[in-house]
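Number 1497 marks the last residue of the sequence shown (this note's numbering); no jumps.
In this text, a Cβ means the ideal position worked out from N, Cα and C, and glycines have one as well.
Before any comments, here is the structure.
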Amino acid sequence: MTNQIKDISNNLEIIENKISEFKNQINEYNSNISDIQGIEVKLKKSQIEMLFDKIELLEKRNQELLLKENVDLTNIINEKRVFLFDKEKEFSNLQPVLNYEEFRIKIENKELTYKEKLNDCKIINDEYIKIKDKIGNDFHIEAELRNKSEDIFDEIKKTRKEIKVLENEKEKNIQELKHYSKWIVEVESLRCEGESLGCEGENLRCEGDKYVKEEYIKEENGKEENENISNTNSSVTKNGKNTIEIFNFDLKNISEIELSDLIKETSKKIKNIENKITTRNLDIKLLEEFEVKQAEFEKIKSEFTYFKEKMENIKNELNEIKNLRTEEFMNGLNEITKNLKEIYRIITFGGNAELELVDYLNPFTEGIILSIMPPKKSWKNIVNLSGGEKTLASLALIFALHCYKPSPFYIMDEIDAALDYRNVSVIANFIVEKTKNTQFLVISLRNDMFELANVFLGVYKNNNCSKSIVVNVKSLRC
1020 MTNQIKDISN NLEIIENKIS EFKNQINEYN SNISDIQGIE VKLKKSQIEM LFDKIELLEK
1080 RNQELLLKEN VDLTNIINEK RVFLFDKEKE FSNLQPVLNY EEFRIKIENK ELTYKEKLND
1140 CKIINDEYIK IKDKIGNDFH IEAELRNKSE DIFDEIKKTR KEIKVLENEK EKNIQELKHY
1200 SKWIVEVESL RCEGESLGCE GENLRCEGDK YVKEEYIKEE NGKEENENIS NTNSSVTKNG
1260 KNTIEIFNFD LKNISEIELS DLIKETSKKI KNIENKITTR NLDIKLLEEF EVKQAEFEKI
1320 KSEFTYFKEK MENIKNELNE IKNLRTEEFM NGLNEITKNL KEIYRIITFG GNAELELVDY
1380 LNPFTEGIIL SIMPPKKSWK NIVNLSGGEK TLASLALIFA LHCYKPSPFY IMDEIDAALD
1440 YRNVSVIANF IVEKTKNTQF LVISLRNDMF ELANVFLGVY KNNNCSKSIV VNVKSLRC
């Protein structure tokens, strides 16, 4: 604060020196007026008049500044002390700020990484769609194969059950054949006895033949019941052949015609069973095809899981980039908001300003609201402010952005059109403070603004032509 007081006193001394210099120049101009003709005379007169006006304005402003500074100096000192105390606390808590160029390079690298990851996501998404379609077709084939395999397994189960039934019946038939063979032996012995005994033997043979035929008919009826069974295996066929051979051997002396018919029927049954077995061997090939398709499905499934994991990794990296972007944006917004509050309070002598997000969950969609509280007024949206209040709020936001991210120069076109002389002077002095490392090109018609410029470029009309003049005010002050 002491530095500001010294600066003000120095400015007053400089202004007084300039006034004396201007008076000396006026005296020189008055002595040389008679020698100047044409445009130079008019120009010098206008400059002299401007200098007189400047002298009067400077004297008035000196008086106003002295009175105002004496009254407000203590308040400003206290405010600055509090402000410096707060800034010292904030400065102790702040981490080192990144260099602008490093931050810009980092953002560009992140953008390139983001684009590359986005392209990878598109490629993987296309591959994912192709694999998904292929998997859908494979699922359809797999379902068909599963249905066929289930049918085959059902047939195998049925066949196994039928084989068990046939084996049981085979055992029964073997037992019956053994019983019949014993009985036939007895019949043969009776037949031999019948031949020796003559008539009695003949009668006994007839009775034996009759008895054998009855038993044979029973056996045939039992075999007709076995014809209803549709499936068998190779073991049953072999055992059946052995049984037929035994039966053929034992019953040969009984009836050769009937035995030949029995052999034909049995061979037909064997052929039918062999045909069924061969057809089932063809169905078993579906199992081999199912295994091939299942292996292909597992391969595609592994590729799908690989690309899915790769896509998840890219999504995670993309989310990290988005989170970093949001974090950097929020840090910048908070810093700009702090600068905005301080600058608006300075240029309005007590006002307040706030930057708020419309959607805090997604700050990049809905935008930002600038809320302003002018001195001794309530909070308002910038749309509902007057022209001068809008100008001050907009300039405060520009200066806040400049503090966060400086620009080499600014061009401002009549920013003081809606301001009164007091606010014009405040903005002009604030710009002078900010021109240490930045160049401001201000177009203005207000003398409170352009009088503080280092270089003055004036445009005027002479003989229906526009002409310009450049005055290096800084060199004149020196």
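For A1436, no pairing in a beta bridge is given by DSSP. In the DSSP assignment, K1409 falls within the unbroken alpha helix (DSSP H) covering G1406 to Y1423.
Remark: C-beta atoms of P1427 and T1384 do not approach each other more closely than 8 angstroms. With at least 16 other beta carbons inside 10 angstroms of its own, I1446 counts as buried. Straight through space, the alpha carbons of P1382 and I1488 are spaced by roughly 49 angstroms.
Taking a contact as a CB-CB distance under 8 angstroms, the pair A1372 and A1437 does not count as one, their CB atoms being some 18 angstroms apart.
Across the structure, A1419 and N1483 are spaced so that their CA atoms are roughly 43 angstroms apart. L1376 places its beta carbon 8 angstroms or farther from that of A1412. Sixteen is the threshold: when 16 or more other Cβ atoms of the shown chains lie within 10 Å of the Cβ of V1443, as they do, the residue is buried. Among the bridge pairs identified by DSSP, Y1479 is matched with K1486. Annotation: the continuous beta strand (DSSP E) that includes F1459 extends over Q1458 to I1462. Across the set D1439, S1463 and M1468, the C-alpha of M1468 shows the shortest separation from the C-alpha of V1451.
From the listed residues I1362, K1312 and E1408, the smallest Cα separation to N1448 is found for I1362. Here DSSP, grouped into helix, strand and coil, assigns V1474 to strand.
Judged by DSSP secondary structure, N1381 falls outside any beta strand (DSSP E); it is assigned neither H nor E. According to the DSSP assignment, I1387 belongs to the beta strand (DSSP E) that extends over I1387 to M1392. The continuous alpha helix (DSSP H) containing N1466 extends over residues N1466 to F1469.
Separation of the CB atoms of K1493 and N1473 is rounded to 4 angstroms, and the pair is thereby assigned contact status at 8 angstroms. One thing to note: L1343 has its Cβ no nearer than 8 angstroms to the Cβ of T1356. At the C-beta level, I1430 and L1460 come within 8 angstroms of one another. Of the residues assessed, L1359 falls on the buried side of the cut-off, its CB having 16 or more other CB atoms within 10 angstroms. The C-beta distance from L1464 to E1433 rounds to 7 angstroms, short enough to meet the 8 angstroms contact threshold. For F1428, the three-state secondary structure derived from DSSP is strand. Beta-carbon to beta-carbon, F1368 and P1393 are separated by about 10 angstroms, too far to satisfy the 8 angstroms threshold. In the three-state reduction of the DSSP assignment, K1455 falls in the coil class, being assigned neither a helical nor a strand state.
When DSSP reads this structure, L1374 sits in a beta bridge with L1389.
The bridge partners DSSP lists for K1399 are I1391. Check the Cα spacing between Y1440 and each of N1466, K1453 and P1425: the tightest is with N1466. Looking at the DSSP output, N1491 bridges to V1474. Distance between K1320 and L1352, taken at the CA atoms: about 47 angstroms. Remark: C-beta atoms of Y1423 and E1354 approach each other more closely than 8 angstroms.
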